[in-house]
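Following: one structure in structure tokens, then a few remarks.
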Amino acid sequence: VFWGESEARQRKRNGMTYPDAVSIAMHGDKDVHQLVQQLAESDAALAALEMETAHAGEENTSALSPLLLSQIQHTLLQSKELLEKMLTSMQVGVAYLDPDFNYLWVNPAFARQHNCVPDDFLEKNFFQLHANSENRDLFMQAVTTGESVFFQAAASSSSAHGTRYYDRSIQPVMNQGVVSGLVYTEHDVTDRIRLEQVQSGISKAETLHLDFEMLSNLCEVDPAGLAVLVGPQFVIQFANLKFRELMLSQEIDPVGRTFREVWPDDDSLFSALPSLFNDRTALDLPPDERRFPDGTTRWYTYHLRRMNWGLQPSILIHAWECTEEHQARVQVENTAAEARQRAEELNTVISSMSEAVTIYDRNGQPVQVNPATVSAYGFDPITTPRQEALQRLSLRYLNGKPVDLTEIPSARALRGQRVRYERFVFRNFLQQDQIILVSASPLYHNGELFGAVTVWTDVTEREGLLREIKVERTRLSTLIANAPVGITAIDRDGNLLLANSMTSEMWGRTGSTGEGPRQYRLPDGSPFNLIQLANAAVRGQIQVNQEVVLRRPDGVRMHLLVNSAPILNQNGEIDGAVAIFQDITVQKQAEQKLREAKERFVVALKNSPIAVYTTDHELRYTWIYNAQYGDDSLIGRKDDELLGAENVAEMISFKQEVLDQGMGERREIPMSVGGRSFIFDVTAEPLLDEQGNVVGLTVASVDITEQKRVKDEMARNIARIEVQRRLIEQRELERQQIARDLHDGPLQDLIGIHFGLREALEIPKRRERLQKVDIIQKSLQTLIHEMRTFCSELRPPALAPFGLEKAIRSHIEAFQLKHPSIQIEPVLAIDHENLPEAVRMALYRIYQELMNNVVKHAGATAVAIRFEYNDRKAKLEVNDNGCGFLVPHDWVEIARQGHLGLVGVLERTEAVGGSIRITSKLGEGTNVTIEVPLDPINIQ
Amino acid sequence: MKAIRVLLADDHAVLRMGIRNLLTRSTDIEVVGEAGNGIEAVRLVEELEPDILLLDMEMPGIDGVEVARRLRDAGASTRVVALSAYNDKHYILSMLELGAAGYIVKDEAPQNILEAIHSVADGEKQWLSRKVAARMAA
Chain W
1 VFWGESEARQ RKRNGMTYPD AVSIAMHGDK DVHQLVQQLA ESDAALAALE
51 METAHAGEEN TSALSPLLLS QIQHTLLQSK ELLEKMLTSM QVGVAYLDPD
101 FNYLWVNPAF ARQHNCVPDD FLEKNFFQLH ANSENRDLFM QAVTTGESVF
151 FQAAASSSSA HGTRYYDRSI QPVMNQGVVS GLVYTEHDVT DRIRLEQVQS
201 GISKAETLHL DFEMLSNLCE VDPAGLAVLV GPQFVIQFAN LKFRELMLSQ
251 EIDPVGRTFR EVWPDDDSLF SALPSLFNDR TALDLPPDER RFPDGTTRWY
301 TYHLRRMNWG LQPSILIHAW ECTEEHQARV QVENTAAEAR QRAEELNTVI
351 SSMSEAVTIY DRNGQPVQVN PATVSAYGFD PITTPRQEAL QRLSLRYLNG
401 KPVDLTEIPS ARALRGQRVR YERFVFRNFL QQDQIILVSA SPLYHNGELF
451 GAVTVWTDVT EREGLLREIK VERTRLSTLI ANAPVGITAI DRDGNLLLAN
501 SMTSEMWGRT GSTGEGPRQY RLPDGSPFNL IQLANAAVRG QIQVNQEVVL
551 RRPDGVRMHL LVNSAPILNQ NGEIDGAVAI FQDITVQKQA EQKLREAKER
601 FVVALKNSPI AVYTTDHELR YTWIYNAQYG DDSLIGRKDD ELLGAENVAE
651 MISFKQEVLD QGMGERREIP MSVGGRSFIF DVTAEPLLDE QGNVVGLTVA
701 SVDITEQKRV KDEMARNIAR IEVQRRLIEQ RELERQQIAR DLHDGPLQDL
751 IGIHFGLREA LEIPKRRERL QKVDIIQKSL QTLIHEMRTF CSELRPPALA
801 PFGLEKAIRS HIEAFQLKHP SIQIEPVLAI DHENLPEAVR MALYRIYQEL
851 MNNVVKHAGA TAVAIRFEYN DRKAKLEVND NGCGFLVPHD WVEIARQGHL
901 GLVGVLERTE AVGGSIRITS KLGEGTNVTI EVPLDPINIQ
Chain G
941 MKAIRVLLAD DHAVLRMGIR NLLTRSTDIE VVGEAGNGIE AVRLVEELEP
991 DILLLDMEMP GIDGVEVARR LRDAGASTRV VALSAYNDKH YILSMLELGA
1041 AGYIVKDEAP QNILEAIHSV ADGEKQWLSR KVAARMAA
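Residue numbers (my numbering), protein chains in the order written: chain W, 1 to 940; chain G, 941 to 1078.
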């Protein structure tokens, strides 16, 4: 419709693509420009969709469902149709010219403005058609400078329509830096010009006191509604017929009434009026709706202009109805928004495809790529110069010959060919050769080719795998042919597909005719039919290790182990069956001999506490004798299968070691059986075959768990006794220290005071005697102070009556006086007498000891002390930022080294049934956490 | 003027005697009884209803803290002035919390005991010697 029938012809001639039309409109009249752009967007989206739909139908590879695709297409088609109608019905004339000013297309408005039909213009030269055109210089200017030219309100007269006025613009269309065409618009502004003329006519009429009727008649010429409002009350002084028709819902004469009287509900127009008297000379109002009593709603645009009616200020209202335009515009906006969203969805789908997708314009220039393309190419083909891109993208055939530029998939697609899944070699930006699978399709719009799309998939890995599979298959058939077992395969009808040489040997025949020997017998003598076996397999039965006795035609009796299974195809259906025969005649004979030897062993081992067994080289039990648990059910199985790999890891690694080194060894090994821990004294010797190869193990195993436990217990008790002894010694030392302190300090002082008093008594002069007593009293005071401190340290006074929290706080204060540089952060719960005294005392001593350690060993600058408790437990935590230490595992060792402080802490914790956790890292401080349960039963 | 009725509780007889001698020098103080342990102290308070109980903290059996607690729980009107060798801040604070109207550190007793009793009798709620009060503020 819009493009006209010759659109394709025009495009062919100029090489112009639809997106060019978009850019044409980029600089045009705002409305036209928006419409053309939306149209182009929906058109481009449609083209992409058509391509996608075609692709989806034929290749079945699209990520979008065909249903969704067709929905999107439908929506886009609708929006496109609407847009086309809009542009077609636009009052702005639009024409597109080539750089030589030949018309390529025009819209109907343009043709109408020139009294023609669109076809009259096509392929004609602008200046031939408009011989009197004075604007050649302006057109030339646009072509040479590439810049837009606007010229306004130029009159053009035509006998049929009187004088009309146009705003015109010439906008060059640039393509790769060259002007490839011109958009020429003609906007009919006759109405506006005429309005201005009318207005000046009205003013003039007033000034010249012209006949009012004449003025009215003049105004009726105007196709729009016209009214004049006068004075601050906006009294309607004049309204033409059109205005009445447009604005009035009832038959009243508005002249002489105020605006408010006539339209009491109209706020938007009314509110605009005062500004005309204040700060504006003219005002265009955006489309505004008016409701009418009959239920209809219509849309209007208004142009307001200030003027004078006589001496009074007044307003000229110029009103047009724009209901249809408005509705069309709203619909277009909605549809365009939806179309944009669909296009975006489509874009997202393409973006997320793992295949590299590239869309080319008809010149072979990439216009859209997805991220997979950029990462596959190693560069962005859109921003890379064409020549360089072609060079970097050079393809080769699989035989190494380069692909001519005219034969690359995109070039072929642009010639209308369809390329389907062809393989090429592509050297990527890492200089690695990749095998790529390429499809390419031409893109059509309205039957006209306008571009191409290519889809690349890197199949290097897949190709490699295919090659490997081929090699593997060759290997496999070699293996089957030379296997030491008979291998046969039949199809589902029982025809023999494969029989290797071993099969023929077993059957005593050469060649394979599909007929097996019929004289198989099961060990119990019943007949066994190979065909039956194969048929059973074809029916889906699996046969494992069936023992068969075969008498060959030459009379040799053979023991065979038969396994058979169905062959399934990809869909899980049975295609045939495979059967494997293993000659076990020799094993059978050896087994018999072994059985006899075993009897003798069993007798010898009866009533021994030892478990004796043999294993094969995979550590499967092959024979077992165990006085307590004698059980043949273990045979054929492995330790990890029986007990779980994590429980027997050490046992297995020990056995494996003996197997690998071929030398016997004895070791104590812990093992977990049924949740209980055992320790076994295990002796393993390699089991050799006749050639001296290690084929398994002979193992003797004794459960020494109980012995070990008793031994460990003893060791622990000895350790405990040692710790106790050291603690007792420590306490004795502490007592000695107290005795020494009392003896050397207070006792000596008291003796001194004692002598001092005696001396004083003998001083005859009262004054001197009193002086002496005063001195003695002072030293008594000092002594009291010392004793008080001493007692407080031995037993903090607040602890028993007021609780741990108070005792710790007192200690912290004394501690701070002695060590002001250490920052202490206590967080202490108030406990009063809530904890048992034993727990309080224990925690206090522990706290004291930990603080001693902080001073003596940690060299910390900060200590956090946390004490909390609830109904169930009390928790004390001391956390310092000192040097830390390696937390020992063995407390006995610590006690031996004389570090009895921590051992004492441990002992006190244990005594109240508590637990201790010490975490420390060298250089990162120490955290000690004690938890004591408060259940009275746990407290001794 | 009515004399202040004081009951002494201390397990050291010598100390009791010293304090009694000190107190009786003051004409407005009357020592109404002496208790040698905590149980006796509680019994005598109930029996004699003294104005002030001068209570040693460290006594065998039930100690001074427990005596103070029982009197508080029984709602006795007798006001307790604690007498202790300890000058531990938190110990003293806890004692005052428990309702003691005064706290005298024993080695300060001779100088302060009269002032303490008079102040408490006058309605002082938490009497401490200046030295101790200074320590508490630290």
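Every residue gets a Cβ at the ideal spot worked out from N, C-alpha and C, and that includes glycine. These numbers were taken from a predicted model, which means no experiment stands behind them.
Of all residues in the region 1012-1027 of chain G, only Ser1024, Ala1025, Tyr1026 and Asn1027 place a beta-carbon less than 9 Å from a beta-carbon of chain W.
Annotation: Asn363 of chain W to Gly451 of chain W spans about 8 Å, alpha carbon to alpha carbon.
Below 8 Å, enough C-beta pairs join the region 454-465 of chain W and the region 345-363 of chain W to call them touching: three or more. According to the DSSP assignment, Leu138 of chain W belongs to the alpha helix (DSSP H) that extends over Arg136 to Thr145. Contact annotation: in the region 777-800 of chain W, residues whose CB is within less than 7 Å of a CB in chain G are Gln781, Ile784, Arg788, Ser792, Pro797 and Ala798. The shortest CA-to-CA distance from Ala760 of chain W to any of W:Leu770, W:Ile751 and W:Gly752 is the one to W:Leu770. Using a CB distance cut-off of 8 Å, Arg809 of chain W counts as an interface residue toward chain G.
Taking the Cα of Val556 of chain W as reference, the smallest distance to any Cα among W:Glu547, W:Ile542, W:Thr585 and W:Gln541 is reached at W:Thr585.
Every alpha helix (DSSP H) stretch that sits fully inside the region 422-495 of chain W and reaches 4 residues is listed by chain position as 460-482.
According to the DSSP secondary-structure assignment, Gln368 of chain W is paired through a beta bridge with W:Ile359. Burial state of Thr373 of chain W is buried, judged by a 10 Å Cβ sphere holding 16 or more other Cβ atoms. At a beta-carbon threshold of 8 Å, the residues of chain G lying near Phe802 of chain W are Val1005, His1030, Tyr1031 and Ser1034, ordered along the chain.
A direct Cα-to-Cα measurement between Ile704 of chain W and Glu573 of chain W gives close to 56 Å.
In this chain, Glu573 of chain W is not harboured by any beta strand (DSSP E), its DSSP state being neither H nor E.
Contact between the region 796-814 of chain W and the region 777-784 of chain W is absent: fewer than 3 CB-CB pairs across the two stretches fall below 8 Å. At a Cβ-Cβ threshold of 8 Å, Val1020 of chain G and Leu993 of chain G count as neighbours. For Asp1047 of chain G, the residues of chain W that pass the 7 Å Cβ criterion are Gln781 and Ile784, in the order they occur in the chain. Val1045 of chain G: member of the beta strand (DSSP E) spanning Gly1042 to Val1045, first to last residue. His1058 of chain G carries a helical assignment under DSSP once its states are collapsed to helix, strand and coil. Its chain contains Pro254 as the residues whose beta carbon lies nearer than 6 Å to that of Val262 of chain W, once the 5 sequence neighbours on both sides are disregarded; these appear in chain order.
Membership of Val773 of chain W in the alpha helix (DSSP H) is indicated by the continuous run Arg766 to Leu794.
Boundaries for Glu924 of chain W: no alpha helix (DSSP H) harbours it, and the DSSP string shows neither H nor E there.
Among the residues of chain G, those whose CB is under 7 Å from the CB of Glu813 of chain W are Lys1029, following chain order.
The count of Cβ pairs closer than 8 Å, one atom from the region 427-447 of chain W and one from the region 341-351 of chain W, stays below three, leaving the stretches out of contact. Counting other Cβ atoms within 10 Å of its Cβ, Leu104 of chain W reaches 16 or more and is therefore classed as buried. DSSP links Asn563 of chain W through a beta bridge to W:Ile580. DSSP places Gly756 of chain W in the helix class (H, G or I) of the three-state scheme. Rounded to the nearest whole angstrom, the CA to CA distance from Met997 of chain G to Gly976 of chain G is 12 Å. Asp616 of chain W sits away from Val548 of chain W, with the two beta carbons spaced by 8 Å or more.
The Cβ-Cβ distance between Tyr621 of chain W and Gly636 of chain W falls below 8 Å. When rounded, the separation of the alpha-carbon atoms in Arg427 of chain W and Leu414 of chain W is 24 Å. Secondary structure note for Trp320 of chain W: its beta strand (DSSP E) is the uninterrupted segment Gln312 to Glu321. With contact defined as three or more Cβ pairs closer than 8 Å, the region 304-315 of chain W and the region 326-339 of chain W are not in contact. Ranking G:Asp1047, G:Glu1055 and G:Val982 by CA distance to the CA of Arg788 of chain W puts G:Asp1047 first. Distance check between Ile350 of chain W and each of W:Ala337, W:Val369, W:Gln365 and W:Tyr360 places W:Val369 closest, using alpha-carbon atoms only.
Within the same chain, Cβ atoms closer than 6 Å to the Cβ of Ile918 of chain W are found at Val887 and Val928, the five residues on either side in sequence being excluded.
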